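Going down the list, the sequences are from chains C and B.
One point on numbering: in my numbering, the residue at position 125 of the first sequence is 636, and numbering is uninterrupted.
One point on numbering: in my numbering, the residue at position 190 of the second sequence is 701, and numbering is uninterrupted.
Cβ atoms here follow ideal geometry from the backbone N, Cα and C, with glycine treated the same way.
On a predicted model such as this, the values are computed, not experimentally measured, just so you know.
Each remark here refers to the structure printed beneath this line.
2 protein chains.
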Amino acid sequence: MLSYTEENYIKAIFHLSGDGEKDVFTNDISEELATKPASVTDMMKKLAQKELVNYKKYQGVTLTKSGRASALKVIRKHRLWEVFLVEKLKFNWDEVHEIAEQLEHIQSNLLIERLDEFLEFPAYDPHGDPIPNEDGKIKVKKMVLLSDVKEGFAGDVACLKETSSSFLKYLDKIGIKIGTNIKINHIVEFDSSMDITIDNTKIRINISSDVSKNIFITL
Amino acid sequence: MLSYTEENYIKAIFHLSGDGEKDVFTNDISEELATKPASVTDMMKKLAQKELVNYKKYQGVTLTKSGRASALKVIRKHRLWEVFLVEKLKFNWDEVHEIAEQLEHIQSNLLIERLDEFLEFPAYDPHGDPIPNEDGKIKVKKMVLLSDVKEGFAGDVACLKETSSSFLKYLDKIGIKIGTNIKINHIVEFDSSMDITIDNTKIRINISSDVSKNIFITL
DNA sequence: AAATTATTTTAGATTTGCCTAAATTATTTT
DNA sequence: AAAATAATTTAGGCAAATCTAAAATAATTT
């Protein structure tokens with residue numbers, strides 16, 4: 512069984528690797544977890560010993576099969592708890608992250624399966640991120656970054672890249688949530704900001720490229 | 512803020528002191544928490560330093576006001592989570608303790624208030640123990656140990672002293688739960704076992720004094 | 001290719017919570 | 001009241017996870 516800290520390292524590596532694709536480096540992990548690089552090196556040796564990561568000095572790390580499975584389990588728990596907090600306890604989507612960071616470490620397989628059932632087997636969390644199933648399988652939605660599509664295109668908000676509280680609060684304010692329909696009326700060449708229509712209403716708003724770069728919409 | 516371990520010590524002291532009445536001794540705490548007496552002494556110094564306990568060498572400890580408040584907060588969380596597990600996630604009353612032991616340490620005032628609301632402000636947990644309110648106030652039910660009442664007496668099961676899985680499973684089997692009406696038909700002088708009627712049915716069963724000593728009924 | 005810069009690792013400490021073994025204090029027995 | 005026993009504390013250490021400072025390695029620049 513993994514310690515609280517080990518789980519956090521494994522999760523950080525999973526995220527930094529782009530869900531397991533790329534190698535991850537010491538400095539990046541230390542930044543993600545707000546620790547020092549030396550601490551990361553110590554932990555990488557420990558995780559390598561436990562065969563959770565493939566580690567070669569100075570070469571970065573990747574997760575092993577077993578490490579990947581552990582990461583997906585923690586992510587599953589995190590996202591299910593987020594659904595619980597938003598759907599059942601009426602939290603806003605910008606308030607749930609810190610609490611889910613704690614809840615994700617609760618150890619009980621039965622608990623998480625019962626929670627999943629109670630929530631009626633959600634496929635996505637409140638930010639649109641997919642919830643891995645018991646076997647770590649993820650349902651991938653076909654989607655593109657809003658910033659990558661052309662004028663005239665329309666789609667539904669599927670997922671957010673950035674989930675900071677300030678970003679989520681801004682989206683609340685302008686009326687964007689998961690499932691909101693967005694139509695791109697015009698892209699300003701100068702700054703790549705977009706003039707969009709929300710849910711086929713008459714209201715048009717302008718969003719900066721910093722915003723459109725962080726919203727995925729369905730294809 | 513208290514560490515996970517400190518919270519467990521404070522909670523153990525609260526329970527061992529009979530909810531704050533008596534002095535508590537090193538050996539008892541070490542037994543309760545499955546640590547060694549020397550470890551307890553270390554922690555008592557630390558908790559005294561933080562003004563959570565009154566500690567005098569060799570004399571035992573008591574909780575301070577602040578220690579008592581911390582204990583009640585952890586107990587509140589533990590019991591609310593137990594209600595959640597039983598009422599919402601369909602756990603049996605003998606399965607919830609270990610999970611609640613973990614959940615009770617999650618830090619978020621908002622979470623616990625929202626959970627309380629979601630559960631519709633329960634006053635008692637699945638074992639009949641009272642749930643302290645936000646201010647640490649407890650609603651005391653008037654009750655007596657089943658073993659302390661006379662033949663002919665009847666009352667409703669209010670609370671259990673022992674909450675081990677084996678005891679709870681036995682109660683399940685013989686049909687006793689919180690709220691069950693029990694009438695004492697006869698007490699066997701030899702072993703103090705009791706012949707009882709459950710919920711005014713025609714079925715009579717015999718329970719040992721080990722059982723009757725662990726069931727509280729309403730006065 | 002040598003020098004500079006950036007990244008990573010090693011070495012040695014620190015803190016928290018725990019341990020064992022020995023010493024101390026309190027309690028009980030004779 | 002002295003001896004024996006029980007409870008508690010002290011002293012010294014260990015493991016996990018962290019840190020700082022110094023050394024080693026890799027990458028980049030000139």
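For LYS694(B), the residue or residues it bridges with in DSSP: ALA665(B) and THR708(B)
Reducing DSSP to helix, strand and coil, say where PHE536(C) ends up. coil
Residues bridged to TYR635(B) by DSSP? PRO641(B), per the DSSP bridge assignment.
Alpha carbons only, please: which of ASN711(B), SER581(B), ASP640(B) and GLU700(B) is nearest the one belonging to TYR515(B)? SER581(B)
Would a C-beta distance cut-off of 9 Å place LYS588(B) and GLU609(B) closer than the cut-off? No, the Cβ-Cβ distance between LYS588(B) and GLU609(B) is not below 9 Å.
Sequence-distant residues of its chain with Cβ nearer than 6 Å to GLY666(C) (five each side left out): ILE728 and THR729
Measuring CB atoms only, is the stretch 714 to 727 of chain B touching the stretch 642 to 658 of chain B, in the sense that at least three cross pairs come out at less than 8 Å? yes
Bridge partners for ILE716(B) per DSSP, in chain order? The bridge partners DSSP lists for ILE716(B) are ILE707(B).
Who are the Cβ neighbours of LYS680(C) in its own chain at under 6 Å, not counting the five residues just before and after it? ASP605
Using a Cβ cut-off of 7 Å, which residues of the stretch 609 to 627 of chain C contact any Cβ in chain B, in chain order? ILE610, GLN613, LEU614, ILE617, GLN618, SER619, LEU622, ARG625 and LEU626
For LYS522(B), return the contacting residues in chain C, with the cut-off set at a CB-CB distance below 9 Å. Simply none; closest approach about 18 Å.
Taking DSSP's pairing of strands, which residues face ILE524(B) in a bridge? Answer is none; ILE524(B) lacks a bridge partner.
For LEU544(B) and GLY663(B), what's the separation of their Cα atoms in angstroms? 41 Å
Do PHE525(C) and MET579(C) have their beta-carbon atoms positioned less than 9 Å apart in this structure? Sequence check: residue 579(C) is Arg here, not Met. Yes, the pair counts as a contact, with Cβ atoms nearer than the cut-off.
Under three-state DSSP, which class holds VAL603(B)? Contrary to the premise, residue 603(B) reads as Asn rather than Val in this sequence. Note: ASN603(B) maps to coil in three-state DSSP.
Taking the C-alpha atoms as reference points, what is the distance between ARG625(B) and ILE689(C)? Whole-angstrom Cα-Cα distance: 23 Å.
Opening and closing residue of the beta strand (DSSP E) in which ILE689(C) lies: Premise fails: ILE689(C) is in no beta strand (DSSP E) and is neither H nor E.
List, from N- to C-terminal side, the alpha helix (DSSP H) runs of 4 residues or more that fit wholly inside the stretch 532 to 589 of chain B. 537 to 544 and 548 to 560
Assumed close pair GLN613(C), GLN618(B) - CB separation to whole angstroms, cut-off 8 Å: 7 Å
Can you find a CB in chain C that lies within less than 9 Å of the CB of LYS599(B)? So, interface residue.
Using a Cβ-Cβ cut-off of 9 Å, state whether ALA727(B) counts as contacting chain C. Contrary to the premise, residue 727(B) reads as Phe rather than Ala in this sequence. Chain C contact via Cβ: absent.
Do GLU562(B) and the ligand ATP come close, with the Cβ less than 8 Å from some heavy atom? As presented, the structure is devoid of all ligands, the ligand ATP included, so that no description of it is given.
Which residue's Cα is closest to the Cα of GLN560(B): ASN711(B), LEU574(B), GLU598(B) and LYS694(B)? LEU574(B)
From ARG715(B), PHE595(B) and HIS638(B), residue whose alpha carbon lies closest to that of SER704(B): ARG715(B)
Identify, in the order they occur along the chain, each residue of the same chain with its Cβ nearer than 6 Å to the Cβ of PHE476(C), setting aside the five sequence neighbours on each side. Because residue 476(C) is not part of the residues shown, which for chain C are 512 to 730, the question remains open.
THR674(C), DSSP secondary structure in three states: coil
Note down, in chain order, every chain C residue with its Cβ under 8 Å from the Cβ of PHE525(B). Within chain C, no residue comes near PHE525(B); the closest Cβ sits about 23 Å away, beyond 8 Å.
So PHE629(B) is in the alpha helix (DSSP H); what residue range does that whole segment cover? 620 to 629
Would GLU631(B) and VAL585(B) qualify as a contact pair, given that the criterion is a beta-carbon distance under 9 Å? no
Contact set between the stretch 627 to 645 of chain C and chain B, restricted to residues whose Cβ is under 9 Å from the partner: Residues of the stretch 627 to 645 of chain C with a C-beta less than 9 Å from any C-beta of chain B: GLU628 and PHE629, listed in chain order.
Other residues of its chain near PHE678(C): CB distance less than 7 Å, five sequence neighbours each side excluded: Only ASN725 meet the Cβ criterion.
Looking at the C-beta of LEU679(B), does it have a partner C-beta in chain C at a distance below 9 Å? no
Within its chain, find whatever has a CB closer than 8 Å to the CB of ILE687(C); leave out the 5 residues flanking it on each side and keep chain order. VAL668, ILE693, ILE709 and ILE726
Can you say whether VAL699(C) is buried or exposed, counting buried as having 16 or more other CB atoms within 10 angstroms of its CB? exposed
Where does the unbroken alpha helix (DSSP H) through ILE610(C) begin, and where does it stop? 608 to 614
Contacts that PHE602(B) makes with chain C (C-beta to C-beta distance below 9 Å): LEU621, LEU622 and ARG625
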